[in-house]
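Participant: Quick one: the structure is below, questions incoming.
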Amino acid sequence: MKSLMKRHDWQAIIVLILLWALFFWRILTPNTYDQASFVESDYSGQFVTFGAYQYARFSNGEIPLWNPYNNGGLPFIADTQAAVFYPPRLLTIALSSAWTYASLQVEVALHVLLYTLLMYALIRRMTLGKQYSVLAAFIGAITAGYGGFMTGYPPLQVALLEAAIWLPLVILGILEATRQAVIRWQWIALAGWALGLSWMAGHPQTSWFATYAAVGFLAYRVDFQWRKWLIWTSMLGAVTFGVTAVQLIPGFEYLQLTMRNNFTFDAKGGGFEFNDLTSLIFPRLPFFWSPLYFGAIGFGLAVIGLLSKERDRIFWGVVAIVALGLSFGDKSPLFHAAYNILPGMRFFRGQERAVFLFANSTAILTAFGVIALLDSPATFRRWFSGFAAACALIASSIYVLWSSNPDVYNYIINQAVFIAVILGIAAIAIYNLPRWKWALAALIVFELFTVNMDNLNYEPIPASERTFMQPSPLVEYLQAQTGVFRVDGGLETTRIGIPPGGNTGSLYHIADIRGISPLFLDGPHAIIQRALPSEVAWEMFAVRYVFSYLETLPVTSQIVATEGDLKLHELSDPRPYAMMLYDYVVAPGDEFAREYLANPNFNERQTLILAEEPPISIRAGAEGESTWNAAITDYQPEQITIQVSTDENGLLSIAHVDYPGWHITLDGVTVHPIRAYGAVIALPIPAGEHEVILTYAPRSFQIGAGLSLVTWSGLIILGSLTLFRGIGLWRSS
């Protein structure tokens, strides 16, 4: 029996791999005539660009702690969606001879394959000993991997998808740990490792939902024995934290200083509309994306799963209902309660992402439904037939409406008829169970692939022909310029950042004050994109070039290059990256500083706005009488060297964001920077010639790296010992 089960497992796994290759064949095929690629979206603007910077730095043997090319500068290690040390990303980088548009496409596709295999393994273990366990696990894996959630927007939101796929392994670890009365701690360690990988993938909201599911499942599995639950939850949390500390600790430090920390309840309460519930059965209604859809057949099977006698059905049913309730955001009283009770709910927007848990729960319930249906076909076939008949009745009603007004109902009728036909065939298959059991599985594959395989994620453009990766003539012009400067890539209605838009500064290695990362330091964001005219941002951040469709700018400039209607302006008098000033005012708070900057009569080039008094005496009237020079002799992402000379005490104004972790020395002696203009830094400089060195070496990274190194080393040793022990037991048997 064991060999038979193993053979059936391998057959199911091979079919899962073949179906995966079919689903993604247009991005996997070497034939460029048939290739498609992901549309230019957040996939390209956020993830391809950050991945390019990651690839460039690691390829040079450097750790990308800081990124000077977007948002006026940002702590790259702390930006969650950068996923700097996420192991699969490091593997992609190691195996890639160059960074291309297709690099992440393959990584995304492989994550979907891994997700289906992990879900298969989880359901196989959940249904261990059941006669139809292989079939149930296969159908559950297909439902999870190719349902509306995983095939919708997550492939374009790379971090979300890659954070989501580890939940089955987390649950599997907890399941195996709690099979016996004595908790097997090695499996808790596995669950913590998998949950840590989810956090490292770069979408904290998804990982937070996964953490809640894991903690809840552990409580359920130990029968709510709270002392036992607390002990093993602590271990789970410790391993998770240790695995991801290298990113998590810097990320938490960064989050406290970003503009997202100021979002209100209304900004965080977005979610699905209630009419999105129609897509549970009828896909792409009312919109093209249908993250709630996991197949009409799957819906019927999931209901049967809830009605079955499987032990875990209640837990996953509750998870599905709670996740669905949360996904409506502030339209649901459940979210109002969770927002005020559950830790972490206040951090995130886009509550529809709770559908991640709904998708996993319904896949598991669908598998339970398969087993219940095959064990007791007579009991449930009448229910499924009634469900199919009800959907056929709805389709008939839509047909009547369509016949009288085809222009309005043309799109709806296609979906309704398709689902009615699919359910009708499924009902026939169910009446012929168990002989037609694999025909039912094939029908589920056909339904999900028909609906989700050809969607808006793709365009019939080979990845190698994407112009996104190629610098435009305007970008090439900038790359040929010398000196340290920034550009304003533009803030248009359809584009943010250097054309074609996004975090393209990181791709082209041109320092842009714009960016689309969801995290943006609050002070710089207020000046650049929120509270002040663009010309103030240009002054604060040493902008020399501006992308614009306008012929003239608010300040004097000349057009140095054009591309169609787009123009590249060079400012006639750009502020230097570093300059000496001898006059200042003190504004204790960023808002007070911005009030000064908003005054059109205030001269930022003459007077510094400091957050505190400088620890040096500056002669009144020295401005205009002093001679100074500030030259940047070395500019690297994590280290900047400035040679300064001044004949009087003064203040060195540097167009560099004020952020923890930057250590500054003046002639080898550590000095404390002063926050200036509510966003950047200034240094007190005594008269004479000096060398100023700025080095980014954040303590948060050092602590996190140490914790992660210890944790990963321990897990590798534990895994090796467990593997050797298993091999020894196998040989002895």
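Each residue of the sequence shown is one higher than the one before, starting from 11 at the first, in the numbering used here.
In this text, a Cβ means the ideal position worked out from N, Cα and C, and glycines have one as well.
1) With respect to the alpha helix (DSSP H) encompassing A151, which residues constitute its N-terminal and C-terminal limits?
2) So, at 7 Å on beta carbons, what are the nonlocal neighbours of A430 in its own chain, with the 5 sequence-adjacent residues on each side left out?
3) Which of the three DSSP states is assigned to R67 in this structure?
4) What residue range is occupied by the uninterrupted beta strand (DSSP E) comprising R554?
5) Between the alpha carbons of R709 and G71, how many angstroms are there, rounded?
6) I need the DSSP call for H579, collapsed to helix, strand or coil.
7) Going straight from the alpha carbon of F282 to that of F345, what length do you get?
8) Please return the same chain residues whose Cβ sits closer than 7 Å to the Cβ of F292, not counting the five positions on each side in sequence.
9) Give the single residue among P98, G631 and Y518 whose Cα lies nearest to the Cα of F60.
10) Output the distance between the C-alpha atoms of G599 and T221, rounded to the nearest integer angstrom.
11) With three or more beta-carbon pairs closer than 8 Å as the criterion, would you say the region 562-572 touches the region 586-596?
12) Using CA coordinates, which residue listed in P98, V116, I27 and D89 is at the minimum distance from A473?
13) Got a sec, what are the start and stop residues for the alpha helix (DSSP H) R661 sits in?
14) Quick one, which of E623, Q646, N659 and A621 has its alpha-carbon nearest E815's?
15) Using the three-state DSSP reduction, which class does P78 fall into: helix, strand or coil?
16) Measure the alpha-carbon distance for P387 versus F309 and round it to whole angstroms.
17) Let me know the secondary structure DSSP gives W672 once reduced to three states.
18) Note down, in chain order, each residue of its chain lying with its Cβ closer than 6 Å to the Cβ of W672, except the 5 sequence neighbours on either side.
19) By Cβ distance below 8 Å, which residues in the same chain neighbour K12 in space, the five residues on each side in sequence not counted?
20) Kindly provide the ranges of any beta strand (DSSP E) runs that are 3 or more residues long and lie completely inside the region 484-527, ordered along the chain.
21) With a threshold of 16 other CB atoms inside 10 Å of the CB of R540, please say whether the residue is buried or exposed.
22) Comparing alpha-carbon positions, which option in K278, A223, I24 and E320 lies nearest R135?
23) Residues in the same chain with beta-carbon distance under 7 Å from A93, minus the five sequence neighbours each way, listed in chain order, please.
24) Spatial neighbours of D657 within its chain, please: CB distance less than 7 Å, with the 5 preceding and 5 following residues excluded, ordered by chain position.
25) Apply the 10 Å Cβ neighbour rule to T514 and answer buried if 16 or more other Cβ atoms are within range, or exposed otherwise.
26) Select from D644, N613 and V595 the residue whose C-alpha is nearest the C-alpha of L4.
27) Tell me whether the beta-carbon of A174 lies closer than 8 Å to the beta-carbon of A201.
28) Pull the bridge partners of W638 from the DSSP assignment, please.
29) Taking all protein chains shown into account, decide if A436 is buried (16 or more other Cβ within 10 angstroms of its Cβ) or exposed.
30) Taking the beta strand (DSSP E) that M590 falls in, what are its first and last residues?
31) Under 8 Å between the Cβ atoms of L383 and I440?
32) Classify G379 as helix, strand or coil using the three-state DSSP reduction.
33) Where G82 and I674 are concerned, what is the direct C-alpha to C-alpha distance, given to the nearest angstrom?
34) Give the DSSP bridge partners of I619, in chain order.
35) Could you check the C-alpha separation between P477 and L105 for me, to the nearest Å?
36) With respect to the beta strand (DSSP E) encompassing I695, which residues constitute its N-terminal and C-terminal limits?
Facilitator: Looking at the coordinates:
1) Translated into positions along the sequence shown, residue 151 becomes position 141. According to the DSSP assignment, A151 belongs to the alpha helix (DSSP H) that extends over S143 to Y156.
2) For the purposes of this step, residue 430 is identified with residue 420 of the sequence shown, where counting begins at 1. Cβ within range, chain order: C401, A402 and A405.
3) The residue given as residue 67 occupies position 57 in the sequence shown. R67 sits in a helix when the DSSP states are folded into three classes.
4) Start at 1 with the first residue of the sequence shown, and residue 554 comes out as number 544. Counting along the chain, the beta strand (DSSP E) containing R554 begins and ends at V553 to S558.
5) Looking up residue 709 in the sequence shown gives position 699. Looking up residue 71 in the sequence shown gives position 61. Between R709 and G71, the C-alpha separation is close to 21 Å.
6) Here residue 579 is taken as the residue at index 569 of the sequence shown, counted from 1. The answer is strand: DSSP assigns H579 an E or B state.
7) The count along the sequence shown starts at 1 and reaches residue 282 at position 272. The count along the sequence shown starts at 1 and reaches residue 345 at position 335. Straight-line Cα distance between these residues: approximately 12 Å.
8) The residue labelled residue 292 in the question sits at position 282 within the sequence shown. Hits under 7 Å: Q425, A426 and I429.
9) If you number the sequence shown from 1, residue 60 lands on position 50. The residue among P98, G631 and Y518 with its C-alpha nearest the C-alpha of F60 is Y518.
10) In the sequence shown, the residue the question calls residue 599 occupies position 589. In the sequence shown, the residue the question calls residue 221 occupies position 211. Computed Cα separation, rounded: 37 Å.
11) No contact exists between the region 562-572 and the region 586-596.
12) Here residue 473 refers to the residue found at position 463 of the sequence shown. Looking at P98, V116, I27 and D89, the one whose alpha-carbon comes closest to that of A473 is V116.
13) To locate residue 661, count along the sequence shown from 1; it is residue 651. The question names Arg, but residue 661 in the sequence shown is Leu. Premise fails: L661 lies in the beta strand (DSSP E), G660 to V667, not in any alpha helix (DSSP H).
14) Here the chain comprises residues numbered 11 to 743, so residue 815 is not present and cannot be evaluated.
15) By 1-based counting over the sequence shown, the position of residue 78 is 68. DSSP, read as helix, strand or coil, puts P78 in coil.
16) Locating residue 387 in the sequence shown gives position 377, where the first residue counts as 1. Locating residue 309 in the sequence shown gives position 299, where the first residue counts as 1. Each residue's Cα considered, the two are about 17 Å apart.
17) Indexing the sequence shown from 1 puts residue 672 at position 662. In the three-state reduction of the DSSP assignment, W672 falls in the strand class.
18) Position 662 of the sequence shown, counted from the start, is the residue given in the question as residue 672. Leaving aside the five residues that flank W672 on each side, the residues in its chain whose CB is nearer than 6 Å to its CB run, in chain order, L704 and Y706.
19) As a first step, residue 12 is located in the sequence shown; it is residue number 2 there, counting from the start. With a pLDDT of 48 at K12, under the threshold of 50, the modelled position of that residue is not reliable, and the figure given next carries that caveat. If we look at K12 and ignore the five residues flanking it on each side, it has no Cβ neighbours.
20) If one requires a minimum length of 3 residues, the beta strand (DSSP E) runs lying completely within the region 484-527 are 496-498, in chain order.
21) As a position in the sequence shown, residue 540 is number 530, starting the count at 1. Exposed is the label assigned to R540, since fewer than 16 other Cβ atoms lie within 10 Å of its Cβ.
22) Numbered from 1 along the sequence shown, position 125 holds the residue referred to as residue 135. Out of K278, A223, I24 and E320, E320 has the C-alpha closest to the C-alpha of R135.
23) Counting from 1 along the sequence shown, the entry for residue 93 is found at position 83. Cβ neighbours of A93 beyond the five flanking positions: R99, A169, M210, A211 and G212.
24) On the sequence shown, residue 657 is found 647 positions in, with the first residue counted as 1. If you ignore the 5 residues before and after D657, its C-beta comes within less than 7 Å of the C-beta of S636, T637 and A697, all in its own chain and listed in chain order.
25) Within the sequence shown, numbered from 1, the residue matching residue 514 stands at position 504. Answer is buried; the Cβ neighbour count reaches 16.
26) In this structure the chain extends from 11 to 743, so residue 4 is not present and cannot be described.
27) Here residue 174 is taken as the residue at index 164 of the sequence shown, counted from 1. Here residue 201 is taken as the residue at index 191 of the sequence shown, counted from 1. Contact: no.
28) For this step, residue 638 is matched to residue 628 along the sequence shown. Bridge partners of W638: T656.
29) Here residue 436 refers to the residue found at position 426 when the sequence shown is read from its first residue. Counting C-beta atoms within 10 angstroms of its own C-beta, A436 has 16 or more neighbours from the protein chains shown and is therefore classed as buried.
30) Numbered from its first residue, the sequence shown carries residue 590 at position 580. Unbroken beta strand (DSSP E) run through M590: A588 to L591.
31) Here residue 383 refers to the residue found at position 373 when the sequence shown is read from its first residue. Here residue 440 refers to the residue found at position 430 when the sequence shown is read from its first residue. Taking 8 Å as the Cβ cut-off, L383 and I440 qualify as a contacting pair.
32) Position 369 of the sequence shown, counted from the first residue, corresponds to residue 379. If DSSP states are grouped into helix, strand and coil, G379 belongs with the helices.
33) By one-based count along the sequence shown, residue 82 stands at place 72. By one-based count along the sequence shown, residue 674 stands at place 664. Between G82 and I674, the C-alpha separation is close to 19 Å.
34) To locate residue 619, count along the sequence shown from 1; it is residue 609. Beta-bridge pairing links I619 to V595.
35) Stepping through the sequence shown from its first residue, residue 477 is reached at position 467. Stepping through the sequence shown from its first residue, residue 105 is reached at position 95. The amino acid at residue 477 is misidentified as Pro; the sequence shows Thr. If I take the Cα positions, the gap works out to 23 Å.
36) By one-based count along the sequence shown, residue 695 stands at place 685. Residues V690 to I695.
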